[in-house]
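Residue 69 in our numbering sits at position 70 of the sequence shown, and the numbers go up by one each step.
For each residue, glycine too, the CB sits at the ideal point set by N, CA and C.
Because the structure is a prediction, the values reported are computed rather than measured.
To start, the structure under review is shown below, and the notes come after it.
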Amino acid sequence: MDKPLETIIVDSILDAIADQRLRAGTKLGEQALSDLFACNRAQVRRALATLTAYQVVDHLPNRGAYVATPTPQDARNIFQARRAIETVTCRNAVREATDDDITALRAHLAEEDAAKGRDNRPAAVRLSRGFHVLLGRIGRNPVLARYLEELTMRSSLIIGLYASGQATLCAEDEHAQIVEAIERRDEAEAQRLLDQHLRHIESGIAFDDNPPATGALSAVLGDWRG
Ligand SMILES: [Zn+2]
């Protein structure tokens, strides 16, 4: 196994949050996780500390770790931060994108389309997030890309908590329009489309919905061996 177990634990939990299998407020018991990943509790604690730094896990004194429950104000702050960062990463992408990058973006759009065609919502949510992370990488500013990783992860948590149905999945035609603007090297249009796209996602979040419950931790994370 090439990845350290702590990284596997972190990635499994992040994937489950992004896929909306692991919902806000779920307790992440140290013993349950160490049983599930066949490791010691010190490894679990280190993994949970990493997730706490990402702000997708809250650590409550004497109560343990829980999947974070962002408030509506947190959600607004996160989307405002995304608009600020992503209009810059998008402009960078227009300036930096190579032919290979455009090919990668096109391939990503095709994957998103296929996931929606199969009605595979977890994959569609993961790929929606992946599009924004990919744009961040193409912009070639690793500092901004790192913030974007965290913000899109927290957005997935918000979408998992408050959204139902297709309402807040990224519309792939909006992604496709952004890619076209990048291909034309039209900075202003790419930035305008991206800002509008993020506003569409945010406006689809219904804060009065009751968050759905998570299934048992073992059912959610039990397939980590792939
Ligand atoms: Zn999107």
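Not a single unbroken stretch of the beta strand (DSSP E) spanning 3 or more residues falls wholly within the stretch 81–167. Per DSSP, Leu192 is not a residue of any beta strand (DSSP E); the alpha helix (DSSP H) it occupies stretches across 186–202. Beta-carbon to beta-carbon, Thr88 and Gly135 are separated by about 5 Å, close enough to satisfy the 8 Å threshold. Its chain contains Ala122, Ala123, Leu126 as the residues whose beta carbon lies nearer than 6 Å to that of Ala114, once the 5 sequence neighbours on both sides are disregarded; these appear in chain order. In this structure, His174 has its beta carbon less than 7 Å from a heavy atom of ligand 1. In the structure shown, the three-state DSSP call for Ala52 is helix. In this structure, the C-beta of Phe78 stays at least 7 Å away from each heavy atom of ligand 1. The three-state secondary structure of Leu216, taken from DSSP, is helix.
Distance from the CA of Arg44 to the CA of Glu29, rounded to the nearest whole angstrom, comes to 7 Å. When secondary structure is reduced to three states using DSSP, Asp14 falls in the helix class. Within 10 angstroms of the beta-carbon of Pro69 lie 16 or more other beta-carbons, which makes it buried. In this structure, the straight-line span from the alpha carbon of Leu50 to that of Val56 is close to 6 Å. For Ala64, the enclosing beta strand (DSSP E) starts and ends at 63–66.
Across the structure, Ala144 and Val66 are spaced so that their CA atoms are roughly 23 Å apart. Ile84 is positioned such that its CB atom lies closer than 8 Å to that of Tyr146.
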